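Peer 1: Last residue of the sequence shown: 1571 in the numbering used here, with the numbers rising by one and none dropped. Here it is, the structure in full.
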Amino acid sequence: EAMRKLSELCQARLQVRYRGAGAVGTDAAARLEQELRIIERLGLPGFFLLHHDMLELAREVALEVRGPDSVRGLLPPGRGRGSSVSSIVCFLTGLSHVDPIANDLLIGRFLNEELTALPDIDLDFPRDIREKLIPRVHERYGHDRSALVAAFPTYRARGAIRELGKALGLPPGEIERVARSSEGWDAREVGSDIENAFDGRRGGAGRWAWLARLAAEAHGLPRHLSQHSGGMIVATRPLIDCCPIVPAAMEGRQIVQWDKDSCSDAGFLKIDLLGLGMLSAVERSVELISRTRGEEVDLSRIPYDDPATYECIQSAETTGVFQIESRAQMQSLYRTRPENLKDITIQVAIVRPGPIQGGAVNPYIERRQRLRVDPEYKVPYEHPSLEPALRETLGSIIFQDQVIEVAIAFAGFSPGEAEGLRRAMSRKRSDAAIEAYHRRFVAGAQRKHGVDEDMAERVFAMVRGFSGFGFPKAHGAAFGLLAYQSTWLRVHYGPEFLCSLLNEQPMGFYPPDALVHEAQRRGIEVLSPDVNESGAECEMSHGRVRIGLGYVRGVAEQEVRELVSVREEGGRFRTLADLASRASSSAASLEMLAWSGACDSLVSASVPGSAFGSASGSAAASASGSGSARRIALWQLGVATPGRRVPGGVQLALPLDLPAPPELRALSPWESMLADYGTIGLTADAHPIALLRDRLPEGMVASPALKTLPHGTRISVGGLVVARQRPGTANGIVFVLLEDEYGTINLIVPAQIYERHRLTVRTEPLIIAEGKLERHPAADGAINVLVDRVRPIDAPDHLAAEVKDFSMLDEQVRRAREQERAARDADADDFRAVAPPVMSFASGRRR
725 EAMRKLSELC QARLQVRYRG AGAVGTDAAA RLEQELRIIE RLGLPGFFLL
775 HHDMLELARE VALEVRGPDS VRGLLPPGRG RGSSVSSIVC FLTGLSHVDP
825 IANDLLIGRF LNEELTALPD IDLDFPRDIR EKLIPRVHER YGHDRSALVA
875 AFPTYRARGA IRELGKALGL PPGEIERVAR SSEGWDAREV GSDIENAFDG
925 RRGGAGRWAW LARLAAEAHG LPRHLSQHSG GMIVATRPLI DCCPIVPAAM
975 EGRQIVQWDK DSCSDAGFLK IDLLGLGMLS AVERSVELIS RTRGEEVDLS
1025 RIPYDDPATY ECIQSAETTG VFQIESRAQM QSLYRTRPEN LKDITIQVAI
1075 VRPGPIQGGA VNPYIERRQR LRVDPEYKVP YEHPSLEPAL RETLGSIIFQ
1125 DQVIEVAIAF AGFSPGEAEG LRRAMSRKRS DAAIEAYHRR FVAGAQRKHG
1175 VDEDMAERVF AMVRGFSGFG FPKAHGAAFG LLAYQSTWLR VHYGPEFLCS
1225 LLNEQPMGFY PPDALVHEAQ RRGIEVLSPD VNESGAECEM SHGRVRIGLG
1275 YVRGVAEQEV RELVSVREEG GRFRTLADLA SRASSSAASL EMLAWSGACD
1325 SLVSASVPGS AFGSASGSAA ASASGSGSAR RIALWQLGVA TPGRRVPGGV
1375 QLALPLDLPA PPELRALSPW ESMLADYGTI GLTADAHPIA LLRDRLPEGM
1425 VASPALKTLP HGTRISVGGL VVARQRPGTA NGIVFVLLED EYGTINLIVP
1475 AQIYERHRLT VRTEPLIIAE GKLERHPAAD GAINVLVDRV RPIDAPDHLA
1525 AEVKDFSMLD EQVRRAREQE RAARDADADD FRAVAPPVMS FASGRRR
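Right, here's the structure in full:
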């Protein structure tokens, strides 16, 4: 019955999807027949129907979350990822959004007759839909028969340093210094982390030595019970009969106390319901575009040959987009210059440990460049039998599927044997298991093609080199499509896309501050939060992006929502006293709002003589500047009376006329910038380096000037650290992204330089780097600085001398000089305390 139902469902949708498709429709029908035959033989029709039922439940939830009239209704409730995207059954049942026939996706990686375990079907959902979907799954299938899969986070270096250091009673500041300087993963290296953090002055004995010893012992031990990123199990009988269940921290959820491997070993059916931040951002963008421009965007019908989008991709203008925004991706985009979705599919998959370790990246890029110059260039293959499998990737193994295809075509493996080889490598099983496949591979190649042992060994070396993490082609196609769609939105609807990205943080490669600065360089205007203009989230305001009040740190989410609700019900806030009396926010929250500049627009109305009469005195006049406005707002909120929460509502304070503030020194631009970072984590005004530029050492090169300098030029650059990467495939090299007021600068820090300057590279937000400019012709526009020295940007010691004795100066001159000195005194030490987070990655993982 289940097989009949699945077959009827697929056949009905096949007629709709491929009506009038000619040869493609014929291929689709043949593929469907093949897949249904395998599914029936393996006894999996119920497995696919359960996933289809789950998707239909998600469709109901999506309608509730989005609303019946939302333009988001044009979008599917979720999308497939991983190898399941290669299945036409998944495509026809809605579990995938990528046509496997049009994209030439092979099914063997996902489904074959020798399959020994349940296939994996991963589904991505926007975050808001996923959060509502999980409790509904419990309701649909029963709380006793469904649960989230557990995960067991283990002790790593930073966690061990912080927790064990606290238990040992070590100074908190010193603990944090060691933790921040650590690579963050291997707790067995904490001893060297301590040595590096204190230049060898700690760690030999006492409590620091105990910290190193205990951290090494704690390495890898489970720290606590956590929740898997998306895995759920559904059973036919109560789970409590075979494994323990505990309530999750979030209401309406429960967790089985087994991890995914244990659940798999027990034969449970696991369904992966994953939240994808970019999917949420894309859906938000579509909704914002409809609301602000009155345009309905159907992402399934946008042009996939848009010249402006490909120009953006080829020039590596991909900050904020999906999957192709990292520095490594940008560097390769200059050289690969994708021209269609198939190229983007490869691009998404190429910067992964598997292709890098397998030596596939440079050959692919070089051959692609040669083909661009000479279309008649013949791509070399180790053996003619490899060409069908590797033609698309120009003789290199880029996708997981190609490991299987090469093993079948060259060594005569069956699909099951080839999948076993792939699993043996990808899971890093015993050398003995891989060696057994090695011998069979060489023997099979000699038997099938009569090749000599050397050639068979070379081909196996290509395959074995792909033992690191890599994408199946189907996964690359799914993510490549979203990469294109997000780039298209960035190009054609930049403000809405930025607004959506800011609302979906944390996600991606760049912190909000870097996203804002990059957008401003493209001409997108970003406005600071304002108690009379901002909502709880970032919003569009006449083509500009307004930062939401929810970005202000220290203000509770409930307080923000109440403030916005009170303003919508009772009208705009007229004065600071009005805000304090109606908003029911705590004094500390009001202070943070004032520090963020969100109260600046109320200052002139609050100064006596401005709101209640004619302006008089310098205080009202000075309120026009943000620095002055923040000072006055802070002073006045100190004497205003906030509303008090009482049972049943808020008791409003009497709206008192606030006294005139004394004459207050305005915040300097540097102090205002510090206040921005300290309260909202970003600044929409002057960049820190712009404020420091004329005080940096002579000869410093700004980012735009790098394009004019020849290869090999020795230069000095400075900037704000945005991201750092230390990939496991890079032999200890650290890649650092700096940002100045004009753009970004790529730094390559060799391993020996990193070890020498580890504390600076790991912990300093503002740095100066010296080294040689690299701009090789083969890089097609990519520019790097090969670093040989790094130092922090300290408090400038060459500022204009302070005036020590004011006794002989006129009072007015003294006051002007004091304000000028304060405006100049940009202390980089202060910036360390409020610097935005640095996106730090190691071994391909964000931390």
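Every residue, glycine too, gets a C-beta built ideally from N, C-alpha and C. It should be emphasised that the depicted structure is a prediction, and the values quoted were computed from it without experimental measurement.
Which residues bound the alpha helix (DSSP H) around histidine 776?
Peer 2: Start at 1 with the first residue of the sequence shown, and residue 776 comes out as number 52. Segment 769 to 790, the alpha helix (DSSP H) holding histidine 776.
Peer 1: Indicate whether the contact test is met: 3 or more Cβ pairs, each with one atom in the stretch 1022 to 1032 and one in the stretch 880 to 899, closer than 8 angstroms.
Peer 2: no
Peer 1: Express the C-alpha separation of aspartate 1409 and arginine 1076 in angstroms, rounding to a whole number.
Peer 2: Sequence index remark: in the sequence shown, residue 1076 carries index 352 (1-based). Sequence index remark: in the sequence shown, residue 1409 carries index 685 (1-based). Approximately 37 angstroms, taken between the alpha carbons.
Peer 1: Counting only runs that start and end within the stretch 1398 to 1449, where is the alpha helix (DSSP H) found for 4 or more residues in a row?
Peer 2: 1412 to 1416
Peer 1: So, using beta-carbon positions, are glutamate 1242 and threonine 1042 closer together than 8 angstroms?
Peer 2: Stepping through the sequence shown from its first residue, residue 1242 is reached at position 518. Stepping through the sequence shown from its first residue, residue 1042 is reached at position 318. No, the pair does not count as a contact, with Cβ atoms beyond the cut-off.
Peer 1: Using the Cβ count rule (16 or more neighbours within 10 Å means buried), how would you classify glutamine 1282?
Peer 2: Within the sequence shown, numbered from 1, the residue matching residue 1282 stands at position 558. Glutamine 1282 should be labelled exposed.
Peer 1: For the beta strand (DSSP E) holding phenylalanine 1459, just list the boundary residues, first then last.
Peer 2: Numbered from its first residue, the sequence shown carries residue 1459 at position 735. Start and end: 1458 to 1463.
Peer 1: Throw me the rounded Cβ distance for the asparagine 836 and glutamate 1143 pair, which I believe falls under 8 angstroms.
Peer 2: By 1-based counting over the sequence shown, the position of residue 836 is 112. By 1-based counting over the sequence shown, the position of residue 1143 is 419. Confirmed, Cβ separation roughly 7 angstroms.
Peer 1: State the DSSP-derived secondary structure class of aspartate 1512, mapped to helix, strand or coil.
Peer 2: Translated into positions along the sequence shown, residue 1512 becomes position 788. It is a strand residue.
Peer 1: Measuring alpha carbon to alpha carbon, tell me which of Ser870, Pro1421 and Gln735 ends up nearest leucine 774.
Peer 2: The residue given as residue 774 occupies position 50 in the sequence shown. The option with the nearest alpha carbon to leucine 774 is Ser870.
Peer 1: Which two residues bound the contiguous beta strand (DSSP E) that contains alanine 874?
Peer 2: Counted from its first residue, the sequence shown places residue 874 at position 150. Element bounds for alanine 874: 870 to 875.
Peer 1: Please determine, among Arg741, Ile762 and Arg761, the residue with the shortest C-alpha to C-alpha distance to alanine 752.
Peer 2: Position 28 of the sequence shown, counted from the first residue, corresponds to residue 752. Here the closest residue by C-alpha is Arg741.
Peer 1: Please state whether DSSP places glutamine 717 in a helix, a strand or coil.
Peer 2: The structure shown does not extend to residue 717, since the chain is modelled only from 725 through 1571, so no value can be given for it.
Peer 1: With a CB to CB cut of under 7 angstroms and the five nearest residues on each side skipped, what residues in its chain are close to arginine 912?
Peer 2: Stepping through the sequence shown from its first residue, residue 912 is reached at position 188. So the list reads Ala940 and His943, once near-sequence residues are dropped.
Peer 1: Are there 16 or more other CB atoms within 10 angstroms of the CB of methionine 1149, so buried, or fewer, so exposed?
Peer 2: On the sequence shown, residue 1149 is found 425 positions in, with the first residue counted as 1. The residue in question, methionine 1149, is buried, as its Cβ has 16 or more Cβ neighbours within 10 Å.
Peer 1: With burial defined as no fewer than 16 other Cβ atoms inside 10 Å of the residue's Cβ, what is the status of leucine 807: buried or exposed?
Peer 2: In the sequence shown, the residue the question calls residue 807 occupies position 83. One point to set straight first is that residue 807 is serine, not leucine, in the sequence displayed. With 16 or more Cβ atoms within 10 Å of its Cβ, serine 807 is classed as buried.
Peer 1: Considering only residues of the stretch 976 to 1058, which uninterrupted alpha helix (DSSP H) runs meet the minimum length of 4 residues and lie entirely inside it, listed in chain order?
Peer 2: 984 to 989, 1001 to 1017 and 1031 to 1038
Peer 1: Name the residue from Val1460, Val1045, Val795 and Ser810 whose alpha carbon lies nearest to the alpha carbon of asparagine 1508.
Peer 2: Taking the first residue of the sequence shown as 1, we reach residue 1508 at position 784. Answer by Cα proximity: Val1460.
Peer 1: Can isoleucine 1572 and glutamate 759 be called in contact, C-beta distance under 8 angstroms?
Peer 2: No statement about residue 1572 is possible, as the shown extent of the chain runs from 725 to 1571 and does not include it.
Peer 1: Are the CB atoms of histidine 1107 and histidine 1173 within a distance shorter than 8 angstroms?
Peer 2: Position 449 of the sequence shown, counted from the first residue, corresponds to residue 1173. Position 383 of the sequence shown, counted from the first residue, corresponds to residue 1107. In contact: histidine 1173 and histidine 1107 (Cβ atoms closer than 8 angstroms).
Peer 1: Beta strand (DSSP E) containing arginine 1270: first to last residue?
Peer 2: Within the sequence shown, numbered from 1, the residue matching residue 1270 stands at position 546. It spans 1268 to 1270 - the beta strand (DSSP E) in which arginine 1270 sits, taken as one unbroken run.
Peer 1: For a minimum of 4 consecutive residues, which ranges assigned as the alpha helix (DSSP H) are wholly contained in the stretch 807 to 847?
Peer 2: 812 to 816
Peer 1: Tell me serine 1313's beta-bridge partners as DSSP assigns them.
Peer 2: For the purposes of this step, residue 1313 is identified with residue 589 of the sequence shown, where counting begins at 1. In the DSSP output, where bridge partners are listed per residue, serine 1313 has none listed.
Peer 1: Which first and last residues belong to the beta strand (DSSP E) in which lysine 1496 is found?
Peer 2: What you label residue 1496 is simply residue 772 of the sequence shown in a count that begins at 1. Per DSSP, lysine 1496 belongs to the beta strand (DSSP E) from 1490 to 1498.
Peer 1: What number of angstroms, rounded off, separates the C-alpha of leucine 963 from the C-alpha of valine 789?
Peer 2: Along the sequence shown, read from residue 1 onward, the residue named residue 963 stands at position 239. Along the sequence shown, read from residue 1 onward, the residue named residue 789 stands at position 65. In a straight line, the C-alpha of leucine 963 is about 30 angstroms away from that of valine 789.
Peer 1: Using the Cα positions of histidine 1266 and glycine 1443, report the straight-line distance between them to the nearest angstrom.
Peer 2: For the purposes of this step, residue 1266 is taken as residue 542 along the sequence shown, with counting starting at 1. For the purposes of this step, residue 1443 is taken as residue 719 along the sequence shown, with counting starting at 1. Using only the alpha carbons, I get a separation of about 32 angstroms.
Peer 1: From isoleucine 845 to alanine 1304, what does the alpha carbon distance come to, in whole angstroms?
Peer 2: Your numbering for residue 845 matches position 121 in the sequence shown. Your numbering for residue 1304 matches position 580 in the sequence shown. Whole-angstrom Cα-Cα distance: 53 angstroms.
Peer 1: With H, G and I counted as helix, E and B as strand and the rest as coil, what does DSSP make of glutamate 907?
Peer 2: Within the sequence shown, numbered from 1, the residue matching residue 907 stands at position 183. The answer is coil: DSSP assigns glutamate 907 none of H, G, I, E or B.
Peer 1: Is there a C-beta anywhere in chain B that falls below 8 angstroms from the one on arginine 1096?
Peer 2: Absent here is chain B; the protein component of the structure consists of one chain.
Peer 1: To which residues of the same chain is alanine 1312 closer than 8 angstroms at the C-beta, ignoring the five residues directly before and after it?
Peer 2: One-based indexing of the sequence shown puts residue 1312 at position 588. Excluding residues within five positions, the ones whose Cβ falls inside 8 angstroms are Gly1278.
Peer 1: DSSP on leucine 888, reduced to helix/strand/coil?
Peer 2: Along the sequence shown, one-based indexing puts residue 888 at 164. Helix.
Peer 1: Taking contact to mean at least 3 C-beta pairs separated by less than 8 angstroms, is the stretch 981 to 996 in contact with the stretch 1176 to 1188?
Peer 2: Counting Cβ pairs under 8 angstroms, fewer than three are found: no touch.
Peer 1: Would you identify the three-state DSSP class for tryptophan 756, choosing helix, strand or coil?
Peer 2: Along the sequence shown, read from residue 1 onward, the residue named residue 756 stands at position 32. Reading the sequence as shown, one finds leucine at residue 756 and not tryptophan. Helix at leucine 756.
Peer 1: Ordered along the chain, which non-local residues of its own chain (more than five positions away) have a Cβ less than 6 angstroms from that of glutamine 1126?
Peer 2: Taking the sequence shown and counting its residues from 1, the one referred to as residue 1126 is at position 402. These residues qualify, in order along the chain: Ala1113.
Peer 1: Report the residue from Thr1437, Gly1259 and Ser1289 whose alpha carbon sits nearest the alpha carbon of tyrosine 1275.
Peer 2: Taking the sequence shown and counting its residues from 1, the one referred to as residue 1275 is at position 551. The option with the nearest alpha carbon to tyrosine 1275 is Gly1259.
Peer 1: For glutamate 1263, which residues of its own chain have a beta-carbon under 6 angstroms away from its beta-carbon, when the five flanking residues on both sides are left out?
Peer 2: If you number the sequence shown from 1, residue 1263 lands on position 539. So the qualifying residues of the chain are Arg1270.
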